[in-house]
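So the sequence shown is numbered by my numbering: it starts at 1 and just counts up by one.
Cβ atoms here follow ideal geometry from the backbone N, Cα and C, with glycine treated the same way.
Okay, structure first, notes after.
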Amino acid sequence: MFKKTLCLTTFIICFIFFNVFAFSDVGEGDWFYENVTDMTENGYLKGYEDGTFRPSGIITKAELVSIVSRISGLPPETSSSNHWAAPLMQSALSKGLYDWDEIPPTGENYDMPINRQLAFKIVMKAFLPEAKGDYNDIAKAPDFGELDGRYYESTSAAVSMGVVLGDESGKLKPKDNITRAEACAVIMRAANKKGGLSPYTAPEEEIPAPQTARGGGVGENGRLQVIGTQLCSENGEPVVLHGMSSHGLQWFPAFVSENAIKATGDRGANLIRLAMYTAEGGYLSDKSVKNTLVNAVDAAIRQDMYVIIDWHILYDNDPLQNADEAEAFFRDISKRYADSPAVLYEICNEPNGNITWSGNVKPYAERIIKAIRENSNGVILVGSPTWSQDLHEAAKDPINAGNIMYTCHFYAGTHTDWLRQRIADCGLPVFVTEWGTSAADGNGGVYLSEAQKWIDFMRERNISWANWSLCDKNESSAAIKSGADISDGISDSELTDSGKFVFGSF
């Protein structure tokens with residue numbers, strides 16, 4: 001649960017003039033300096049509110065297509081999607097910059113990262129559509145085998161024209177996500193081949209207003225879905241869940257009784273997370289823990305609350321270690337709740353130790369997702385190495401499945417700006433399924449100033465969260481005072497300092 005050292009804040013493409021010298025992370029010695037300078041001074045880029053450009057952050061499909069469309073002069077077209085980029089996305093699709101299956105016009109993938117081979121195609125189609133390349137040249141790349149056949153022509157043209165350069169070893173990395181700095185470089189090389197940039201100023205009405213997320217329970221929002229990087233209601237409206245995580249069900253069953261769950265909901269929570277430990281006397285050694293879980297899930301459903309079923313690995317480190325048991329459990333539990341819109345599935349709490357995303361966590365996740373999808377299309381929450389903090393690794397090799405979110409865990413006394421930056425840069429749909437006001441070991445603090453920064457950060461980005469933990473354990477992160485009976489409701493006098501802060505943030 002502890003030892004913690006979410007999605008992308010949109011790469012704000014407001015297309016208004018912004019002095020590049022205000023970017024604290026762009027210097028004259030940087031290889032991307034001239035590209036960012038030219039695009040910013042001509043009105044195509046704007047940085048973040050904190051004065052950064054975040055060159056290593058991942059750019060999304062909507063962001064790249066919007067920039068390319070504006071530079072190449074494509075007019076916006078009517079679209080059935082209400083996404084801010086939809087008019088330019090529709091225009092680019094109509095012009096043939098990409099195909100329907102690569103970025104469907106329904107908009108569900110607009111806010112997902114774009115890989116390099118698709119970015120190369122879009123840029124070449126926009127600026128140098130007649131350019132040709134030599135297949136034999138790109139075939140020499142060490143990773144040529146990773147390039148999909150449909151991108152041979154555009155990639156070979158991009159390489160021949162000097163728009164795309166390999167790395168030091170000659171690799172093209174076609175399926176890696178492209179960063180903001182890399183995208184600017186590719187766009188500028190292509191644009192310069194066509195004569196460079198012309199200044200651009202967007203009409204004020206083209207700048208999208210941020211969407212306000214809904215709260216509310218299951219009856220109001222229905223079955224949840226993931227659209228781009230946002231958790232949404234059944235009707236496609238942004239939704240934010242906020243609530244509490246239990247501690248281990250084997251240790252604190254009283255705090256997942258129906259009365260306790262109701263009391264939490266009465267204080268404003270619309271979510272309860274049920275931490276079913278696998279080890280430490282949990283499910284793997286005591287199958288009766290599942291009964292506690294099922295009773296709590298049923299109680300949450302009756303209370304019109306969303307509920308996360310959490311396969312709480314911790315000291316068992318590698319999710320592959322008990323993958324057979326996990327697969328059987330999730331196949332059974334997803335069948336049981338196949339018709340319930342209230343249930344979300346967190347399939348690996350905190351992978352840690354000597355493991356990797358691509359070698360351990362992703363193969364495990366793909367196996368468990370397949371089992372759940374036999375019964376349910378509910379939202380599935382996937383952790384990452386280093387106690388669910390390595391979002392940057394997941395972003396390089398995301399799971400190819402729908403209704404997936406990636407979890408991030410933080411503790412305010414340990415995890416600060418660097419982890420918020422990682423969430424902002426990753427370009428993934430992020431759900432903070434566990435966080436605390438304490439340090440990573442559950443004690444120290446309470447760090448309310450830093451916790452408020454996190455609350456503000458999540459609120460600004462419509463990130464859903466569950467706080468650790470709804471119990472009376474003698475540690476700083478516990479929300480309930482030792483010995484308090486919350487079966488008849490939760491009063492302020494029964495809340496710890498952490499509990500008062502968290503319950504006040506619902």
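Taking the C-alpha atoms as reference points, what is the distance between residue i and residue j?
| i | j | result |
| --- | --- | --- |
| PRO104 | CYS184 | 24 Å |
| ALA181 | MET276 | 42 Å |
| ASN295 | SER257 | 8 Å |
| LEU271 | ALA92 | 40 Å |
| THR44 | ILE71 | It should be pointed out that residue 44 corresponds to Tyr in this sequence rather than to Thr. Going by the C-alpha atoms only, they are around 8 Å apart. |
| ASP390 | VAL343 | 25 Å |
| GLY107 | GLN90 | 10 Å |
| ILE67 | LEU118 | 15 Å |
| VAL102 | ALA451 | As written in the sequence, residue 102 is Glu, which differs from the Val given in the question. For GLU102 and ALA451, the distance between alpha carbons rounds to 40 Å. |
| LEU293 | CYS471 | 16 Å |
| GLY215 | ASN221 | 8 Å |
| PHE410 | MET39 | 35 Å |
| LYS396 | SER493 | 47 Å |
| PHE503 | THR155 | 53 Å |
| VAL159 | LEU172 | 9 Å |
| ALA86 | LEU74 | 13 Å |
| GLY281 | PRO398 | 33 Å |
| GLY497 | TYR447 | Sequence check: residue 497 is Asp here, not Gly. Near 10 Å, if we compare the C-alpha coordinates of TYR447 and ASP497. |
| GLU63 | LYS473 | 46 Å |
| GLU204 | CYS408 | The pLDDT assigned to GLU204 is 45, lower than 50, so where the model puts this residue is not dependable; a value taken from the coordinates is nonetheless given after this. Going from the Cα of GLU204 to the Cα of CYS408 covers about 35 Å. |
| ALA209 | VAL123 | Caution applies to ALA209, whose pLDDT of 43 falls short of 50 and renders its modelled position unreliable; the value that the coordinates give is listed next. Approximately 27 Å between the Cα atoms of the pair. |
| ASP485 | GLY47 | 50 Å |
Under 8 Å between the Cβ atoms of residue i and residue j?
| i | j | result |
| --- | --- | --- |
| CYS348 | VAL382 | yes |
| SER476 | GLY442 | yes |
| TYR283 | PRO319 | no |
| ASN467 | ALA479 | yes |
| PHE506 | LEU231 | no |
| ILE301 | PHE330 | no |
| ALA157 | LEU197 | no |
| THR229 | PRO55 | no |
| VAL297 | TYR345 | no |
| GLN250 | VAL289 | yes |
| TRP387 | ASN360 | no |
| ASN177 | ASN115 | yes |
| ILE313 | THR278 | yes |
| ILE261 | GLN303 | yes |
Does residue i pass the burial test, meaning 16 or more other C-beta atoms within 10 Å, or should it be called exposed?
| i | result |
| --- | --- |
| GLU28 | exposed |
| TYR315 | exposed |
| THR78 | exposed |
| TRP465 | buried |
| PRO142 | exposed |
| GLU374 | exposed |
| PRO199 | exposed |
| TYR98 | buried |
| GLY268 | exposed |
| ALA371 | buried |
| SER246 | buried |
| GLU350 | buried |
| ASN35 | buried |
| TRP507 | Because the chain here runs from 1 to 506, residue 507 falls outside it and cannot be looked at. |
| GLU434 | buried |
| ILE57 | Note that residue 57 corresponds to Gly in the displayed sequence, not to Ile. Buried is the call here. |
| GLU206 | Note on GLU206: pLDDT 44, under 50, position unreliable in the model; the coordinate value appears next. GLU206 comes out exposed. |
| TYR151 | buried |
Out of the options, which one is the CA nearest neighbour of residue i?
| i | options | result |
| --- | --- | --- |
| ARG422 | MET89, SER384 and VAL446 | SER384 |
| ALA213 | PHE255, ASN462, VAL432 and SER505 | ASN462 |
| ASP266 | VAL226, ALA279, SER288 and HIS242 | HIS242 |
| ASN192 | LEU118, GLY216, GLY170 and VAL163 | VAL163 |
| GLY402 | LEU88, THR52 and GLN225 | GLN225 |
| GLY236 | PHE32, SER80, ALA394 and ILE490 | SER80 |
| LYS125 | VAL65, SER491 and ASN115 | VAL65 |
| MET188 | THR407, ALA263, ALA440 and TRP31 | TRP31 |
| ALA412 | ALA394, LEU419, GLY436 and TYR406 | GLY436 |
| ASP527 | SER376, TRP100, THR433 and HIS312 | Missing from the structure shown is residue 527; the chain here goes from 1 to 506 and no further. |
| LYS175 | MET161, TRP84 and GLY149 | GLY149 |
| THR52 | LEU165, ILE486 and ALA424 | ALA424 |
| LEU495 | ASP488, SER482 and SER487 | SER482 |
| GLU153 | GLU130, LEU165 and SER169 | GLU130 |
| GLY444 | GLU460, TRP454, THR414 and ARG459 | THR414 |
| SER285 | GLU325, PRO253, SER94 and LYS132 | GLU325 |
| ALA254 | MET405, GLY378 and SER487 | SER487 |
Return yes when the C-beta of residue i is under 7 Å from any heavy atom of the ligand ATP, and no when it is not.
| i | result |
| --- | --- |
| PRO76 | No copy of the ligand ATP occurs in the structure displayed, which carries no ligand at all. |
Does residue i have its Cβ less than 8 Å from a Cβ in chain D?
| i | result |
| --- | --- |
| PHE120 | Absent from the structure is chain D; it holds one protein chain and no more. |
Beta strand (DSSP E) segments (min. 3 residues) lying fully within the segment 303-371: 306-312 and 343-346
Complete runs of the alpha helix (DSSP H) confined to the segment 31-79 [at least 4 residues]: 33-41 and 61-71
Length-filtered (3 minimum) beta strand (DSSP E) runs lying within the segment 409-475: 430-436 and 465-470
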